[in-house]
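In this note's numbering, the protein residues as written are 538 to 1092. Data block below; observations after.
And the structure:
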């Protein structure tokens, strides 16, 4: 088979384009509806015309039988071609346009007929019902062919049946009326078909524009690729319609937002609840690469409106990157602190060397004791009050960094935290963010100081971080907990404005709160309350000693 023949064979099939297939299907539907409507109209029209012809024949027969002289002439004359009954019947036939008017006696003998040779003979159809006093309408075959007939009894002046009158309407005239009406019906059907074809063309053109003149196979392939892409990419995709309802939610978006497929079709505000994430996805907050927090996840959101009034939003998980960035900042801070300590250590070694060279051995020993004891005292003070190892290690490290930055980090005497934290990592994140912000605010101020106090009330933990910085204005004490809000220069790894938002989110997740205020000596004071931060203590008694989990035995 040649390529040309293959191309021709392909062209003989259905066209591939959506526009062409929709147009052909609509034209076929319009033509089928027009033919069906015409047929459904013609079928009852034929029955209606037959009924009209029979009723007309019956009316002529009733009018003829109403003449009293016809019954008298029937009784007083003989069935002849020039008799009075024949004359009257022919007059009525010509006046009414009937095919025939037959008058018969009680034996069915004709007294009148269009064909004079039939006068005096028995009628060709059964007249028994009319002679019995009943009126008859029918379509039947007789000596003159097929006709629509009406038969009525003929009564004398006394009301007695003396015969019958049969009137026939030529059936060919009825059929002619039906055939005559067909061209008009076809014209109407053709007009309706033309209007339908124009409407089908316009609709198909609209479909062509909306489908970009693609074939059904192309659309099917695009849908399959779209499903595979949406559910395979590692970015969350949320599609909204013009009414703000969720139209699509891929697997990654469900994971990042903590939603299921049951929210599809529901309004965004109802599915997510109030918050910055909802405002960003709904377009109430504009911009690119907008930061938002959902649960414990830090997300980057971008929103693009669509032509139909909806929008498509993409979500990227920045939690691990944000953590790595903070770790990088902490590492750099520690490197700077180590570098400063290296210089300080060199200075101390030079001082120690000088004392030894001057043979001031007692002073050298005293100097070494002071240097070694200062760091040991700070570590012991923290670990005695903070029994959780993660939080204690964090504060020891922060104290070293604070010292190198010229800030005194202190833990007041009332601080006490047992080793019974439900979520140590969450509290470390909260304390780390608040201390970092406090160090940044206090650094460079006179008598720079940061105070970290932790106390417990049954299972609740109350954290307070104070600094000697410029403080937070009263009108901004709620705004600072909004994702993306910051007064600092962005770091090299990305954007700021996440720390305080994450602090409040972690506190609220445990049913607690985080608020900002003013410290007694000026500066900022942040208070975080975690109602269920501690586990229940485990009590047991052994040889008169009470053992409490996380503490030493006491008599």
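All residues carry an ideal CB built from backbone N, CA and C; glycine is no exception. Owing to the predicted nature of the structure, the values given are computational and were not obtained by experimental measurement.
As assigned by DSSP and simplified to three states, the class of residue i
i            : result
residue 591  : helix
residue 817  : helix
residue 974  : helix
residue 939  : helix
residue 948  : coil
residue 596  : helix
residue 922  : helix
residue 884  : helix
residue 682  : strand
residue 566  : helix
residue 653  : helix
residue 571  : helix
residue 804  : strand
residue 779  : coil
residue 736  : helix
residue 792  : helix
residue 613  : helix
residue 811  : coil
residue 665  : helix
residue 730  : helix
residue 851  : strand
residue 1046 : helix
residue 895  : coil
residue 658  : coil
Contacting residues, own chain, Cβ-Cβ under 8 Å from residue i (five flanking each side not counted)
i           : result
residue 914 : With a pLDDT of 48 at residue 914, under the threshold of 50, the modelled position of that residue is not reliable, and no figure is offered here.
residue 605 : 693, 694
residue 806 : 781, 815, 819
residue 652 : 680, 681
residue 966 : 1039, 1040, 1043
Own chain, CB closer than 6 Å to residue i, minus 5 neighbours either side, in chain order
i            : result
residue 563  : 737
residue 1066 : 999, 1049, 1050
residue 1004 : 975, 978, 979, 987, 1060, 1061
residue 1054 : 1062
residue 1001 : 990, 1064
residue 785  : 776
residue 773  : 789, 790, 793, 852
residue 971  : 1002, 1063
Cross-strand partners of residue i (DSSP beta bridge)
i            : result
residue 1067 : 998
residue 633  : Looking at the DSSP assignment, residue 633 forms no beta bridge with any residue, so it has no partner.
residue 900  : The partner list for residue 900 (beta bridge, DSSP) is empty, contrary to what the question assumes.
residue 691  : 700
residue 770  : Answer is none; residue 770 lacks a bridge partner.
residue 1055 : 1061
residue 675  : 686
residue 992  : 999
residue 761  : Answer is none; residue 761 lacks a bridge partner.
residue 705  : 637, 686
residue 827  : 838
residue 932  : According to DSSP, residue 932 bridges with nothing at all.
residue 958  : 1071
residue 1017 : DSSP lists no partner for residue 1017.
residue 986  : 945
residue 642  : 700
residue 647  : 641
residue 844  : Residue 844 pairs with nothing; no bridge assigned.
Chain-order list of residues whose beta-carbon lies under 7 Å from that of residue i (same chain, five-residue window excluded)
i           : result
residue 848 : 777, 820, 840, 841, 842
residue 854 : 793, 834, 836
residue 700 : 611, 640, 641, 642, 643, 691
residue 816 : 822
residue 944 : 976, 979, 980, 985, 986, 987
residue 997 : 1066, 1067, 1068, 1070
residue 982 : 1005, 1006
residue 628 : none
beta-carbon residue i near the ligand ZN non-hydrogen atom, thresh 7 Å
i           : result
residue 917 : Among the components modelled here there is no ligand, and therefore nothing to report on the ligand ZN.
Minimum Cβ-Cβ distance from residue i to chain B less than 8 Å
i           : result
residue 810 : Note that chain B does not occur in the displayed structure, where there is just one protein chain.
Are the region 664-671 and the region 726-736 touching, with three or more C-beta to C-beta distances below 8 Å? no
At least 3 beta-carbon pairs within less than 8 Å: the region 612-628 vs the region 587-599: no
Report yes or no: do the region 890-905 and the region 915-924 share at least 3 C-beta pairs separated by less than 8 Å? no
Stretch pair the region 948-964 + the region 1052-1060: three plus CB contacts closer than 8 Å: no
Specify whether the region 566-573 and the region 647-662 touch according to this definition: at least 3 beta carbon pairs, one from each stretch, less than 8 Å apart. no
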